[in-house]
Amino acid sequence: MPVLAMDPLTLGHTAITFIAIAAGLMVLGQMLGGTLCRSLTAIFLLFTVLTSVTGYFFVQKGPQPTPAQIVGAISLVDLAVALYAFYGKRLQGGWRATYVVTALFALWLNVFVLVVQMFIKLPSPPVTGGPLFGATQGAVLLAFVIAGWMALKSFRPAMD
């Protein structure tokens with residue numbers, strides 16, 4: 001379905017998700033550089049929460065939660081911890097590492113779902129579940145694990 005033919009909910013949810021991912025990648029870049037931009041972090045966290053929340057506005061078929069709703073619930077719990085580590089504990093002590101891990105996990109979940117959607121919606125790749133899909137998701141996960149390890153070592157911002 002072309003972007004212009006999307007219903008408003010799908011278009012809004014997709015735009016929110018792209019903003020969350022873009023801001024998250026910039027926050028990751030800052031973590032790797034050992035710096036912190038509070039406003040960019042706030043945008044990342046806000047739009048990542050909005051991504052999960054707006055995912056629940058889609059019509060559900062049947063009584064069972066969908067895989068997207070399960071991912072959304074996991075993301076919201078993870079984000080609650082990230083928000084507490086960042087705003088409640090101000091990255092003090094072990095809360096710095098907790099924030100890095102939970103923020104990057106939330107970003108990875110969004111990228112994971114993006115890859116799933118790309119395999120479903122784009123005409124060239126095979127359906128989800130094939131070897132190309134598994135290799136792609138594996139490469140994305142490996143990149144996040146490496147970036148997370150590096151961020152844990154380099155991200156030591158001063159909180160006011």
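Under the working numbering, the letters of the sequence shown match residues 1 to 160, in that order.
Yeah, the Cβ is synthetic: ideal placement off N, Cα and C, and Gly gets one too.
This structure is a prediction, so every number in the text was calculated from the model and none was measured.
In the displayed model, Phe47 falls within a helix according to three-state DSSP. Residue burial is scored here from C-beta neighbours: Trp149 has fewer than 16 other C-beta atoms within 10 angstroms and is therefore classed as exposed. Of the candidates Ala139, Arg38, Gly88, the residue whose Cα lies closest to the Cα of Trp108 is Ala139. Annotation: the continuous alpha helix (DSSP H) that includes Lys153 extends over 131-154. Between Ala20 and Asn110 a beta carbon distance of about 6 Å is seen, short of the 8 Å cut, so the two are scored as contacting.
For the options Thr14, Met118, Pro8, Phe112, the alpha carbon positioned closest to that of Ser75 is the one of Phe112. Close CB contacts of Leu91 within its chain, under the 6 Å cut and outside five residues either way in sequence, are with Tyr99, Met159 (chain order). Between the segment 9-16 and the segment 24-43 there are fewer than three inter-stretch CB-CB distances shorter than 8 Å, so the stretches are not counted as touching. Counting other Cβ atoms within 10 Å of its Cβ, Gly55 reaches 16 or more and is therefore classed as buried. Annotation for Phe86: no alpha helix (DSSP H) segment contains it, and DSSP assigns it neither H nor E.
The DSSP-derived three-state label of Pro65 is coil. The continuous alpha helix (DSSP H) containing Gln30 extends over residues 8-32. DSSP, read as helix, strand or coil, puts Tyr99 in helix. Counting every other CB atom within 10 Å of its CB across the protein chains shown gives Ile70 a total below 16, marking it as exposed. For Ile16 and Gly93, the gap between their C-alpha atoms comes out near 32 Å.
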